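A.B. asks: I'd like to ask you about the structure that follows.
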Amino acid sequence: MVQILLFASLAQQAGTRKISLELDTPVTIEQVRDHLQNQLGQLTGIENALIAVNEEYADLTVEITKGDTIAFIPPVSGG
1 MVQILLFASL
11 AQQAGTRKIS
21 LELDTPVTIE
31 QVRDHLQNQL
41 GQLTGIENAL
51 IAVNEEYADL
61 TVEITKGDTI
71 AFIPPVSGG
């Protein structure tokens, strides 16, 4: 089981902040992101999101395994 955490606008679009996925692992973060978009529809901003695996920043090529937690953190702006 892999835990997915969504923040800000991504959580609003998905209607939830946390998703549990049963995936054949290892898979890359890019494959997980594509799977999410296939399941939930287009998540605007996910392609620009910062990604963390187990609280460490990561890129799309990182392989994940069962038990990992992946966070997608979209860019935010403020003033």
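Residue 1 is where the sequence shown starts when you use UniProt numbering, and the numbers rise one by one after that. Cβ coordinates follow ideal geometry from the N, Cα and C atoms, glycine included. For clarity, every value in this text was computed on a predicted model and none was experimentally measured.
Quick one: any contact between the region 4 to 24 and the region 36 to 54, if contact means 3 or more CB pairs under 8 angstroms?
C.D. replies: Cβ pair count under 8 angstroms is three or more, so yes.
A.B. asks: Of all the options Ala58, Ala49, Leu23, Tyr57, which has the alpha carbon lying nearest to the alpha carbon of Ser77?
C.D. replies: As a working mapping, residue 77 is identified with position 77 in the sequence shown. Closest option to Ser77, Cα to Cα, is Ala49.
A.B. asks: Tell me which residues share the same chain as Thr61 and place their Cβ nearer than 8 angstroms to its Cβ, disregarding the 5 neighbours each side in the sequence.
C.D. replies: Within the sequence shown, the letter at position 61 stands for residue 61. The answer, listed in chain order, is Thr28, Ile29, Glu30.
A.B. asks: Please work out which residues of its chain come closer than 7 angstroms, Cβ to Cβ, to Lys66, disregarding the five sequence neighbours upstream and downstream, and give them in chain order.
C.D. replies: The residue given as residue 66 occupies position 66 in the sequence shown. Only Met1, Val2, Thr25 meet the Cβ criterion.
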